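For reference, the structure is listed below as structure tokens.
Residue numbers (the numbering used here), protein chains in the order written: chain A, 414 to 599; chain B, 8 to 133.
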């Protein structure tokens with residue numbers, strides 16, 4: 414069943430169907446909130462608020478965009494409003510901590526080589542905007558135009574920001590994980 | 008040939024989303040249990056009212072401009088002359104302190120009506 418069919422069911426009074434939409438998009442919404450707050454508790458509070466707002470305004474979803482784009486826009490606005498009101502509880506991840514987590518004592522040797530872990534650790538070292546733009550593009554299946562709508566930017570600005578975010582990610586990888594990358598490539 | 012770390016490929020394949028707590032969807036369903044879906048804004052926003060309000064403010068601006076015209080020193084603009092001699096128009100007769108007060112009162116009234124509608128709608132949504 415696609416999103417629109419579920420939305421129609423919810424609008425007809427079947428509140429339980431909304432849970433399917435939550436399950437489909439909770440990871441996206443939670444990740445966006447987490448990129449900015451860097452605190453799971455705050456991110457979960459924001460994500461919950463996003464879904465409650467989306468439910469209340471579901472009748473206003475105009476269907477000229479994807480439901481995920483509409484939801485991510487709400488997530489972005491709610492996160493920014495939250496950050497204006499509440500001071501984030503945690504500082505950005507320290508590169509040293511991330512490096513220690515990745516290569517620290519007792520680490521599984523296979524884990525050490527894992528590009529999977531490497532990429533996901535380094536994304537935490539980027540700014541919230543850079544990390545979000547990369548997440549939206551590579552994981553949330555949002556186009557450049559859709560990211561522009563979500564982040565309130567023009568398509569050209571999104572292209573430039575995405576390109577720079579990729580460069581910064583690569584720089585951080587080479588700076589903190591040069592040895593691991595060499596091992597992976599060899 | 009030197010191998011390169013393909014960042015594009017790894018972002019597509021390895022980037023992960025963070026999961027919230029396992030009972031997240033249940034928590035949200037609990038939070039929305041007592042709430043109702045608000046009516047679509049297109050159903051209660053009357054376009055005639057929007058256009059009417061716009062027209063009212065346009066007229067208000069136009070009236071203020073027309074009122075200001077007679078007090079303008081046209082001689083400073085050289086030999087340019089308007090087709091209508093605005094200095095003969097006695098707009099002040101119609102656009103005086105009383106009229107301005109009435110318009111201001113009307114604005115306040117419209118503002119209060121808007122606030123009332125907003126609060127009623129918000130209460131219904133909760």
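Even for Gly, the Cβ is constructed at its ideal location relative to N, Cα and C.
Keep in mind it's a predicted model, so treat the numbers as computed, not measured.
| Just the Cα atoms here: how many angstroms apart are residue 76/B and residue 57/B? | Taking the second chain and counting its residues from 1, one reaches residue 76/B at position 69. Taking the second chain and counting its residues from 1, one reaches residue 57/B at position 50. The straight-line gap from Cα to Cα measures roughly 29 Å.
| task | Spell out a yes or no on whether the region 563 to 582 of chain A and the region 541 to 553 of chain A are touching, meaning 3 or more CB-CB pairs, one atom from each, closer than 8 Å. | result | Yes, the region 563 to 582 of chain A is in contact with the region 541 to 553 of chain A.
| Over what stretch of residues does the alpha helix (DSSP H) that includes residue 467/A continue unbroken? | The residue labelled residue 467/A in the question sits at position 54 within the first chain. Unbroken alpha helix (DSSP H) run through residue 467/A: 453 to 469.
| query | residue 579/A and residue 14/B: beta carbons closer than 9 Å? | reply | Mapped onto the first chain, residue 579/A falls at position 166. Mapped onto the second chain, residue 14/B falls at position 7. The answer is yes: Cβ separation under 9 Å.
| Where the alpha helix (DSSP H) containing residue 2/B begins and where it ends | The structure shown does not extend to residue 2/B, since chain B is modelled only from 8 to 133, so the question has no answer here.
| task | Kindly indicate if chain A contains any beta-carbon less than 9 Å away from that of residue 55/B. | result | The residue labelled residue 55/B in the question sits at position 48 within the second chain. Answer no: the Cβ-Cβ gap between residue 55/B and chain A never drops below 9 Å.
| query | If contact means a Cβ-Cβ distance below 9 Å, which residues of the region 18 to 30 of chain B contact chain A? | reply | Contact residues of the region 18 to 30 of chain B toward chain A are 18, 19, 20, 21, 22, 23, 24, 25, 26, 27 and 28 (C-beta to C-beta distance below 9 Å).
| Residues, ordered as in the chain, of the region 556 to 574 of chain A that lie near chain B by beta-carbon distance below 7 Å | Contact annotation: in the region 556 to 574 of chain A, no residue has its CB less than 7 Å from a CB in chain B.
| Length of the line joining the Cα atoms of residue 104/B and residue 425/A | Position 97 of the second chain, counted from the first residue, corresponds to residue 104/B. Position 12 of the first chain, counted from the first residue, corresponds to residue 425/A. Spanning the two alpha carbons is a distance of roughly 54 Å.
| field | At least three beta-carbon pairs within less than 8 Å, the region 476 to 489 of chain A to the region 44 to 55 of chain B | value | no
| query | Along chain B, which residues have their Cβ under 7 Å away from the Cβ of residue 469/A? | reply | Taking the first chain and counting its residues from 1, one reaches residue 469/A at position 56. Simply 42, 44, 45 and 132.
| query | At what residues does the alpha helix (DSSP H) containing residue 564/A begin and finish? | reply | Start at 1 with the first residue of the first chain, and residue 564/A comes out as number 151. From DSSP, the alpha helix (DSSP H) with residue 564/A extends over 557 to 564.
| request: Measuring alpha carbon to alpha carbon, tell me which of 415/A, 483/A, 433/A and 451/A ends up nearest residue 538/A. | output: Indexing the first chain from 1 puts residue 538/A at position 125. Looking at the Cα atoms, 451/A is the closest of the given residues.
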